[in-house]
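Participant: Got a structure for you, written out below as structure tokens; questions coming shortly.
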């Protein structure tokens, strides 16, 4: 974790800060390997402190290697203020995008140092994964693939969407997942036109197309996969849409690489869908970053002009959604390589009809 702390310190000049207070839980996991629910880190130019309470004394000392662990008695922010005074810190950064307003009010009254809001500093560093992170994400994707193979034996007319979602969660946890990485989407029939159609009590019927979008947390890292399948024969229009989405998806897999901007990668899928006459029905970005959060930087969207870098992990998930008919989305997780991308999901992508 030492390299991650040094990389954070290198941002101090641009942020015009002398130290940073880290409170966001995923960033604490990233910097200090801490998996508890109460703690904060104070990183100065020369020191790294992890502040928590007596419940986490053993855990913090075991996990937060390279940090001086401080067990507070009066409160985390009171302890942080004492450390700021001790090290003559005049300007401290905070994580503006995640700190609660009440906590901000508290430190405004408490800290003698000037408080400077920062946004996405650690998250930016998290974009590029090291080999240990990539290995965990690959394993998360592997068990996600296994769950897809399993759920195909479970889905049939008469079961509800929520029963499918619950069976996915049960199976993934038997494979080592700690939790689902987001509320599982099981959207059947006309509900498949809802990009975020979280599983409902709807009964799956013969003739339904079903979008399954789900993922898991494995050793704190996430996976995110979508497959669209059919139960019995479906509307020919949906079959047409399926093959258009699949081609758009494969164009990203074939063309994306380091150095391309998020906008350029998005265009690989979007331009094809527009060419086929369905541009107005593809309303979200082609993909997003993946790691400790299931949605993180970078974005594969028309707004992102920044180039992708090697060892970023992103999703590839074009879709078409037509209200009253249904929708199709196909998604894989990818590692960005120098001249290509590496697909992390191996589940079949042809139209499966149960």
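Residue numbers (this note's numbering): 30 to 383. We put the beta carbon where it would ideally sit given N, CA and C, even for glycine. This one's a predicted model, so the numbers in the text were calculated from it and none came from an experiment.
So residue 250 and residue 149 are supposed to be a Cβ contact under 8 Å. How far apart are they, rounded?
Facilitator: With 8 Å as the limit, residue 250 and residue 149 do not qualify as a contact, their Cβ atoms being about 19 Å apart.
Participant: Please report the distance separating the alpha-carbon of residue 234 from that of residue 223.
Facilitator: Residue 234 and residue 223: Cα-Cα distance of roughly 17 Å.
Participant: What beta strand (DSSP E) runs, 3 residues minimum, are completely inside the region 288-363?
Facilitator: Those beta strand (DSSP E) runs which fall completely within the region 288-363 and span 3+ residues are 316-318, 325-329, 342-345, 348-351 and 355-358.
Participant: Comparing alpha-carbon positions, which option in 186, 217 and 244 lies nearest residue 204?
Facilitator: With distances taken between Cα atoms, residue 204 lies closest to 244.
Participant: Select from 56, 169 and 323 the residue whose C-alpha is nearest the C-alpha of residue 30.
Facilitator: The shortest Cα separation from residue 30 among 56, 169 and 323 belongs to 56.
Participant: Based on DSSP bridge pairs, tell me the residues matched to residue 422.
Facilitator: Residue 422 lies beyond the range of the chain shown here (30 to 383); nothing can be said about it.
Participant: Near residue 93, what residues of its chain come up, given a Cβ to Cβ distance below 7 Å and the 5 sequence neighbours on each side ignored?
Facilitator: Hits under 7 Å: 61, 62, 63 and 79.
Participant: Assuming residue 46 contacts residue 37 (C-beta within less than 8 Å), just tell me the rounded distance between them.
Facilitator: At roughly 11 Å, the Cβ-Cβ gap does not stay under 8 Å, so residue 46 and residue 37 are not in contact.
Participant: Look up residue 373 in the DSSP assignment and say whether it is helix, strand or coil.
Facilitator: The answer is coil: DSSP assigns residue 373 none of H, G, I, E or B.
Participant: Report the rounded CA-to-CA distance for residue 207 versus residue 200, giving the unit in angstroms.
Facilitator: Rounded to the nearest angstrom, the two C-alpha atoms are 11 Å apart.
Participant: Thinking residue 86 and residue 100 are a contact (beta carbons under 8 Å), I'd like their distance in whole angstroms, please.
Facilitator: Confirmed, about 6 Å.
Participant: Whole angstroms is fine: what's the gap from residue 372's alpha carbon to residue 124's?
Facilitator: Taking the straight line joining both Cα atoms gives about 33 Å.
Participant: The alpha helix (DSSP H) spanning residue 50 covers which residue range?
Facilitator: Per DSSP, residue 50 belongs to no alpha helix (DSSP H); it is in the beta strand (DSSP E), 48-51.
Participant: Quick one: what's got a C-beta closer than 6 Å to residue 286's C-beta in the same chain, skipping five residues either side?
Facilitator: Result list for residue 286: 368 and 369, in chain order.
Participant: In angstroms with no decimal places, state the Cα-to-Cα distance between residue 41 and residue 144.
Facilitator: Rounded to the nearest angstrom, the two C-alpha atoms are 13 Å apart.
Participant: Would you say residue 217 and residue 239 are within 8 Å of each other, going by their C-beta atoms?
Facilitator: A contact, by the Cβ cut-off of 8 Å.
Participant: Would you kindly report the start and end of the unbroken alpha helix (DSSP H) that includes residue 86?
Facilitator: It spans 86-92 - the alpha helix (DSSP H) in which residue 86 sits, taken as one unbroken run.
Participant: Confirm, please, whether the CB-CB distance from residue 242 to residue 358 is below 8 Å.
Facilitator: Yes, the Cβ-Cβ distance between residue 358 and residue 242 is below 8 Å.
Participant: Is residue 365 near residue 334, with beta carbons less than 8 Å apart?
Facilitator: No. Outside cutoff.
Participant: Have a look at the DSSP bridge pairing and note the partners of residue 254.
Facilitator: Answer is 243, bridged to residue 254.
Participant: Extract the residue ranges of the beta strand (DSSP E) inside the region 88-135, only unbroken runs of 3 or more that lie entirely within it.
Facilitator: Those beta strand (DSSP E) runs which fall completely within the region 88-135 and span 3+ residues are 97-100 and 120-124.
Participant: Along the chain, where does the alpha helix (DSSP H) containing residue 203 start, and where does it finish?
Facilitator: Residues 190-203.
Participant: What would DSSP say about residue 208, mapped onto helix, strand or coil?
Facilitator: Here residue 208 sits in strand by DSSP.
Participant: Give the secondary structure of residue 180 by DSSP, where H, G and I count as helix, E and B as strand, and everything else as coil.
Facilitator: It is helical.
Participant: May I have the straight-line CA-CA distance separating residue 382 from residue 262, to the nearest angstrom?
Facilitator: Approximately 7 Å between the Cα atoms of the pair.
Participant: Please report the straight-line C-alpha distance between residue 110 and residue 168, rounded to a whole angstrom.
Facilitator: One C-alpha to the other measures close to 41 Å.
Participant: Look up residue 64 in the DSSP assignment and say whether it is helix, strand or coil.
Facilitator: Coil, per DSSP.
Participant: Mapping DSSP to helix, strand and coil, what is residue 148?
Facilitator: Residue 148 falls in the coil class under three-state DSSP.
Participant: Go through its chain and collect everything with a Cβ distance to residue 268's Cβ below 6 Å, but skip five positions before and after it.
Facilitator: Closer than 6 Å at the Cβ level, and outside the excluded window around residue 268, lies no residue.
Participant: Expressed to the nearest angstrom, what Euclidean distance is found between the alpha-carbon atoms of residue 90 and residue 117?
Facilitator: Going from the Cα of residue 90 to the Cα of residue 117 covers about 26 Å.
Participant: Do you know offhand how far residue 58's Cα is from residue 304's?
Facilitator: For residue 58 and residue 304, the distance between alpha carbons rounds to 44 Å.
Participant: Once DSSP output is grouped into helix, strand and coil, what is the label at residue 263?
Facilitator: Correct three-state label for residue 263: coil.
Participant: Which residue comes first and which comes last in the alpha helix (DSSP H) that contains residue 36?
Facilitator: 31-38 is the extent of the alpha helix (DSSP H) around residue 36.
Participant: Anyone know if the C-beta pair for residue 414 and residue 180 falls short of 8 Å?
Facilitator: Only positions 30 to 383 of the chain appear in the structure, and residue 414 is not among them; the question remains open.
Participant: How many angstroms separate the CA atom of residue 175 from the CA atom of residue 141?
Facilitator: Residue 175 and residue 141: Cα-Cα distance of roughly 54 Å.
Participant: Using 8 Å as the threshold, is the C-beta distance between residue 295 and residue 315 below it?
Facilitator: In contact: residue 295 and residue 315 (Cβ atoms closer than 8 Å).
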